[in-house]
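Notes follow the structure.
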Ligand code: AMP
Ligand code: MG
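Numbering (this note's numbering), first residue to last: 1 to 344.
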């Protein structure tokens, strides 16, 4: 049994966790930065990096104290090394390197997306490879076939905005504040999903990818027109997003076939309508549906520690000069998607 310290700082959450190779979460600590970013309606990279730097050491100390451990008891140190906001990633990675050096422990440089991709296996010991993963967060929207540790095939990605970004922007347009996803979901409950005609970008397209920019623009126009109630815009937007995700997943299943498990990860997985759609889609295709608990869906360090544990078990550690990578695709062999603002 090994114990891994995980460190996460790639966006607006600073986190530290201790997780064992037996899936025991010994401690997990998280400090959000919502208050710092709220006045700007989104994450400000420089503010994020400073906030990470202020809190990361006390947070790691608190995690160790909660688990009643010190660095000598830890087998390896796993830190997010990208992709993400470079200032924040550097804070976490440099901290991980310093601790690894001081305690003479191996460093594991974890791809944040790999943390999300493997997190369902921390929660569900019966989830074996391969599985189909919808990874939908504030920065990413991808369909991946997870074949094993370090073996990811990207089947689809967004050619412009991420699904979570579309939720956040819709919230901003409707004046709901940041972070927007949960607020849009709450407002949508009282609205009519058929009230506002909104597009389903790329629905039925031969391309496998997602697009949300046109949907966002349509939300802006619907709001500016003044003809629709905010709750109807929220409900209609959420339904359009559900339809887009479903259509692209059906495309991936028809192009690549089914696997035993359909899995969702990333902050958008918190959305009840999206979960319900995925559950139905899975059962229609004789697949098991797995979603990690909500706290494990959004950014956290337990998923980084767990990805570290999986990599450590596979003998994968990294040199101390491993450089932070603001862009770091999980599947480097994936072709670039066509589109205006292509994301890795
Ligand atoms: P992450 O990037 O994985 O930390 O996830 C954060 C993203 O998930 C943000 O864009 C949120 O708006 C989005 N999100 C969180 N909760 C919900 C929800 N209930 N419905 C839709 N999106 C959500
Ligand atoms: Mg994330």
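We put the beta carbon where it would ideally sit given N, CA and C, even for glycine. This structure is a prediction, so every number in the text was calculated from the model and none was measured.
Supposed contact pair residue j and residue i - C-beta distance, whole angstroms, cut 8 angstroms
{"i": "residue 101", "j": "residue 320", "result": "6 angstroms"}
{"i": "residue 23", "j": "residue 127", "result": "That pair is no contact at about 11 angstroms."}
{"i": "residue 20", "j": "residue 304", "result": "About 14 angstroms; that fails the 8 angstroms criterion."}
{"i": "residue 210", "j": "residue 141", "result": "5 angstroms"}
{"i": "residue 324", "j": "residue 93", "result": "5 angstroms"}
{"i": "residue 198", "j": "residue 230", "result": "So it is not a contact: roughly 14 angstroms between Cβ atoms."}
Residue i: CB within 6 angstroms of a non-hydrogen atom of ligand 1
{"i": "residue 8", "result": "no"}
{"i": "residue 351", "result": "Any question about residue 351 goes unanswered here, given that the chain covers just 1 to 344."}
{"i": "residue 279", "result": "no"}
{"i": "residue 298", "result": "yes"}
{"i": "residue 326", "result": "no"}
{"i": "residue 110", "result": "no"}
{"i": "residue 36", "result": "no"}
{"i": "residue 212", "result": "no"}
{"i": "residue 207", "result": "no"}
{"i": "residue 268", "result": "yes"}
{"i": "residue 237", "result": "no"}
{"i": "residue 180", "result": "yes"}
{"i": "residue 73", "result": "no"}
{"i": "residue 271", "result": "yes"}
Residues that residue i bridges to, as DSSP identifies them
{"i": "residue 345", "result": "Nothing about residue 345 can be reported from this structure: the residues present for the chain run from 1 to 344 only."}
{"i": "residue 200", "result": "Residue 200 pairs with nothing; no bridge assigned."}
{"i": "residue 237", "result": "DSSP lists no partner for residue 237."}
{"i": "residue 141", "result": "136"}
{"i": "residue 289", "result": "262"}
{"i": "residue 4", "result": "19, 76"}
{"i": "residue 148", "result": "151"}
Inter-residue spacing [alpha-carbon to alpha-carbon] between residue i and residue j
{"i": "residue 308", "j": "residue 109", "result": "8 angstroms"}
{"i": "residue 45", "j": "residue 117", "result": "24 angstroms"}
{"i": "residue 7", "j": "residue 228", "result": "44 angstroms"}
{"i": "residue 105", "j": "residue 99", "result": "8 angstroms"}
{"i": "residue 159", "j": "residue 202", "result": "10 angstroms"}
{"i": "residue 162", "j": "residue 276", "result": "20 angstroms"}
{"i": "residue 14", "j": "residue 248", "result": "32 angstroms"}
{"i": "residue 285", "j": "residue 136", "result": "21 angstroms"}
{"i": "residue 17", "j": "residue 87", "result": "21 angstroms"}
{"i": "residue 32", "j": "residue 290", "result": "26 angstroms"}
{"i": "residue 331", "j": "residue 172", "result": "32 angstroms"}
{"i": "residue 138", "j": "residue 165", "result": "5 angstroms"}
{"i": "residue 311", "j": "residue 288", "result": "25 angstroms"}
{"i": "residue 266", "j": "residue 124", "result": "16 angstroms"}
Quiz item: Hey, which unbroken runs of the alpha helix (DSSP H) at 4 residues or more fall wholly within the region 204-284?
Solution: 213-225, 230-256, 272-284
Quiz prompt | Whole runs of the alpha helix (DSSP H) within the region 13-37, excluding any shorter than 4 residues | solution = 34-37
Quiz item: Whole beta strand (DSSP E) runs in the region 288-340 with 3 or more residues, listed along the chain?
Solution: If we require 3 residues or more, the beta strand (DSSP E) runs fully inside the region 288-340 come out as 288-290.
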